[in-house]
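Report on the following structure.
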Amino acid sequence: MDVQTFCRVCNAMCGLVVTVEDEVITKIRGDESHALSRGYTCAKGRSLGVLHHDDRRLNQPSAGRVDTRMHSDWDDALDDIADRVSASLSDHGPDSIAMYLASGSAFDTAGRRAAERFLTLLGSKQKYTATTIDTPSKPLIAELVGGWSGLTPLWDHESSKLLLLFGSNPVVSHGHSNAIPDPVRRFREFQNDGGALWVIDPRRTETAALADRHLQIRPGSDWLVLGWLVRRLLEEHPAASTLDQRATGAESLTNMVALFDDQLVSTSCDVAIESLEALLDAVLSAGRVSALTGTGVSMSANANVTEYLLWVLHIVTDSYDAPGGMWFNPGYLLRLDQRDLPVSDGTPEPGPKSRPDLPRRFGEYPCSALVPEIEAGNITTLIVVGGNPVTALPDRDRTLAALSSLSTLVVIDVLPTETTDLATHVLPAVDQLERADLTWLLDSFQLAVAAQFTEAVVQPLHERRPVWWMFAQLANRLGLDLLPRDIELNDQTETQLLMKVVDRSIDPQSLMSTPSLTISSGAIYGWVTANVLPSGMWRLEASALQTNIAERLENPPQHVPSVLLPSRRLKLMNSQFREIAPPGGTLEQPAIYASPSAVAALGNPQLASVATAFGTITAKLLADETLRDDSVVLSHGWGDANVCALTSAATGIDSLTGMVLQSGLEVELRAAD
Ligand SMILES: Nc1nc2c(c(=O)[nH]1)N[C@H]1C(S)=C(S)[C@@H](COP(=O)(O)OP(=O)(O)OC[C@H]3O[C@@H](n4cnc5c(=O)[nH]c(N)nc54)[C@H](O)[C@@H]3O)O[C@H]1N2
Ligand SMILES: Nc1nc2c(c(=O)[nH]1)N[C@H]1C(S)=C(S)[C@@H](COP(=O)(O)OP(=O)(O)OC[C@H]3O[C@@H](n4cnc5c(=O)[nH]c(N)nc54)[C@H](O)[C@@H]3O)O[C@H]1N2
Ligand code: SF4
Ligand SMILES: [Mo]
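Residue 126 in my numbering sits at position 130 of the sequence shown; the count goes up by one each step and never skips.
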């Protein structure tokens, strides 16, 4: 039997057709009828059957630290956790209980909603998500310039004529905040329709290989390219003359960008001025522009200023909320255009008790505060929902010590990880093919106003349970009303919980009765300008950022021997799929990549080490001709070769978002044979 469903590993959420025989998944292929992924899948999506049946899966709850851990039945495990939560509440108050919600929960609509509601019902403010590890500059700039942190500009893939990618590699990642399924075919179609793709990246990435132009800039210099571009566009772009009609703060901006002179920018970026002039010409001839950043920018020290100048670029060229530029997807399910959004001037709340200086924004504390809060004894109970903080947070050794010191660490996952190793309780979640679901949380990251509902493809194996069920059970034990009043705990609960979301959608009937993706429209324009922007105007003044840019201009990027670049691997999703090979395929292995001349300079060793003041990682060394000589790649997510051993809060925390800087670190590359 073939069942239509969709992949819930990454934002692209590709359509899948899963062949099931007697509850055994025998094949997974791309769904040709899915209007956005059009039959495309990657190895991860095709290996979900392997994951479903894998021997290493967590199949039963267990309790105790790893060396004395025992299997337990669900009732005992939940009773024990509920007792501990209750004791934490009465002894130390609600903020002693924290939750880390990450990639493995972002696509579990019922589970994610239940987990967040559980924390809210407890009255705890201790919410942490992966957003503050890799993306906080995006909601920050959206809030400062657009008034609401949830505004996500999207590439208008049907009408734009110019796409600029700064530090993003969608051919491998399928997009950072924009979901870009079927990337190769999609970029080729865009080019065949007259669109130009420019990639700005220190590595000649898989995406750069397809691009019309690649600017192989010095790491950390994107903001100079953008500042320079804005200066010239203010002088030469026709839309600049009407800037005062759509934005406030144009004057201070004009004064600030006057400092980006040709010589300074070209030298600092290590790019010929002719290439920058060609970029300017491309923008002038396209008129409007779509430009996106990825982790090469968003996890670096320059994240906020780069994102700010990127927004300025769009606003100066009148490219936001307008055809041919970028649009804002209100979401098929989220219906942002129908809601009163909490418009704000960007003033944060203070951070948690031990670190009030680490700002609380977007309803969560930054992940950089999690370990300090545990160390201070403020958090005694942590619940991890679909995350692997040991390979995601900076300061690996400090993270290990802090997590080990917790009196209760509940980890909800599908496989054993470095984090389940530290848990006091491990709860086995259903995998994505074992649950009904909806494309919900990432609704407004999609290339169309679209959504999909799926039934569970197979029954859960063993004692695996849905995440929503775990929190409903815990809530019951604590006397909290987690489920809506009209929903009871039975076989229908999962679908009923999802129906609550569907009911608010554009067309509930068609969504529930169509097994493939339902699209209501492509790009739509105008709702942000009309409903969200304060007085219909973008705010360019952002004085904290302008001051920051002025300071940076006094000390522009210079040559350093080796900089560590972040990079996704096609077969992995962060630390996921390290041990799950696609059918007929092989596993990914950790490796350090450096340019052929950097490798030769070390004497062509087999092994190399990458070191910072905080740690050293050794792995196989491979020459990679796509890299600049000053750039080194070691992807994150590995157990032994964990790059998080190299990063530390001491290397710098961004003061506006509390993000630890994990991209663009200066490292030392050494032979290790
Ligand atoms: N296959 C796969 N897909 C994934 C993931 C995965 O692990 N594997 N993870 C998912 C997640 S959580 C995320 S956040 C997204 C990330 O999605 P992307 O951001 O698109 O992916 P990255 O590979 O991290 O791309 C970062 C790029 O920045 C470049 N870079 C490094 N430093 C600089 C710099 O200073 N300036 C510029 N211009 N470029 C720089 C790097 O060379 C690299 O090409 O991917 C998602 N998709
Ligand atoms: N130094 C450095 N650090 C980084 C990065 C970097 O580039 N460099 N990248 C960062 C980025 S972009 C991100 S997003 C974070 C990622 O941080 P995390 O999201 O914490 O990392 P993942 O490894 O994706 O962990 C997801 C977990 O969810 C589990 N899981 C999978 N499916 C399910 C499911 O259906 N249900 C449940 N309950 N669990 C499931 C997986 O087994 C896995 O253990 O890490 C970041 N850390
Ligand atoms: S790109 Fe791969 S991992 Fe992402 S949704 Fe598609 S099949 Fe799944
Ligand atoms: Mo991420």
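Each residue gets a CB set at the ideal place from its N, CA and C atoms; glycine is no exception.
Residues that DSSP places opposite residue i in a beta bridge
i	result
SER264	SER264 pairs with nothing; no bridge assigned.
LYS23	THR15
THR1	LEU12
ILE613	VAL606
ARG461	ALA425
ILE375	BP columns for ILE375 are empty, so no partner.
LEU161	VAL195, LEU288
ARG356	GLU345
SER627	VAL559
ASP667	Correcting the residue type first, residue 667 is Ala in the shown sequence and not Asp. ALA604, per the DSSP bridge assignment.
Proximity to residue i [Cα-Cα], best of the options
i	options	result
ALA192	LEU275, ILE137, LEU150	LEU275
ALA538	ARG461, ALA246, LEU507, LEU560	ALA246
ARG351	PRO368, ASP341, LEU150, GLU345	PRO368
ALA126	CYS3, LEU366, ASP51	LEU366
ARG182	PRO511, TRP151, THR201	TRP151
ALA138	ASP620, TYR304, SER401, ASP208	TYR304
ARG42	THR22, ASP51, GLN56	THR22
ASN188	HIS421, GLY171, LYS157, ILE213	LYS157
VAL46	ALA609, GLY580, LEU661	GLY580
GLU584	VAL559, PRO553, LYS616, PRO592	LYS616
VAL5	LEU429, GLY283, LEU541, THR612	LEU429
ALA526	PHE324, TRP436, LEU438	PHE324
LEU206	LEU260, LEU159, VAL226, LEU249	LEU159
SER164	LEU140, LEU211, ARG184	LEU211
PHE358	PRO135, VAL606, GLN505	PRO135
THR263	LEU470, ARG284, SER605, TRP224	TRP224
HIS88	ASP433, TRP634, ASN55, LYS349	LYS349
SER631	ILE649, ARG564, ALA594	ARG564
GLU231	THR313, LEU549, GLN554, GLU547	THR313
ALA619	ILE588, VAL639, ILE613	ILE588
GLU360	ALA98, GLN602, SER644	ALA98
SER512	ILE24, ARG34, VAL16, MET(-3)	ARG34
Ligand 2 heavy atom lying under 7 angstroms from the CB of residue i
i	result
ALA388	yes
ASN544	no
CYS265	no
ASN693	The chain is shown only over -3 to 669; residue 693 falls outside these bounds and no answer can be derived.
MET466	no
GLN469	no
THR395	no
VAL663	no
HIS632	yes
LEU411	yes
ASP427	yes
GLY383	yes
PRO362	no
GLY100	yes
The beta strand (DSSP E) enclosing residue i, as first and last residue numbers
i	result
PRO670	In the structure as shown, the chain begins at -3 and stops at 669. Residue 670 is therefore absent and cannot be evaluated.
HIS30	No beta strand (DSSP E) holds HIS30; DSSP gives it neither H nor E.
ARG242	Looking at the DSSP string, ARG242 is not in any beta strand (DSSP E); the run it does join, the alpha helix (DSSP H), is 239 to 242.
THR647	That residue, THR647, is in no beta strand (DSSP E); it is neither H nor E in DSSP.
LYS123	123 to 125
LEU642	Careful: LEU642 lies outside any beta strand (DSSP E) and carries neither H nor E.
SER173	SER173 -> no beta strand (DSSP E), and no H or E assigned at all.
PRO149	149 to 151
ALA94	93 to 97
Heavy atom of ligand 1 within 7 angstroms of residue i beta-carbon
i	result
PHE183	no
LEU566	yes
PRO215	yes
THR199	According to the sequence as given, residue 199 is Arg; it is not Thr. Yes, Cβ of ARG199 sits closer than 7 angstroms to a heavy atom of ligand 1.
PHE162	yes
PRO166	yes
ILE576	no
First through last residue of the alpha helix (DSSP H) which encompasses residue i
i	result
GLN572	That residue, GLN572, is in no alpha helix (DSSP H); it is neither H nor E in DSSP.
GLU231	218 to 232
TYR304	299 to 312
VAL445	Here VAL445 belongs to no alpha helix (DSSP H); instead the beta strand (DSSP E) covers 445 to 447.
HIS49	44 to 49
TODO: Give me every residue whose Cβ sits closer than 6 angstroms to any heavy atom of ligand 3, in chain order.
DONE: CYS3, VAL5, CYS6, ALA8, MET9, CYS10, THR37, CYS38, LYS40, GLY41, HIS170, PRO177
Open item on the list: Considering only heavy atoms of ligand 4 and the C-beta of each residue, which residues fall inside 6 angstroms, strictly closer?
Closed with: For ligand 4, the selected residues are ALA126, ASP130.
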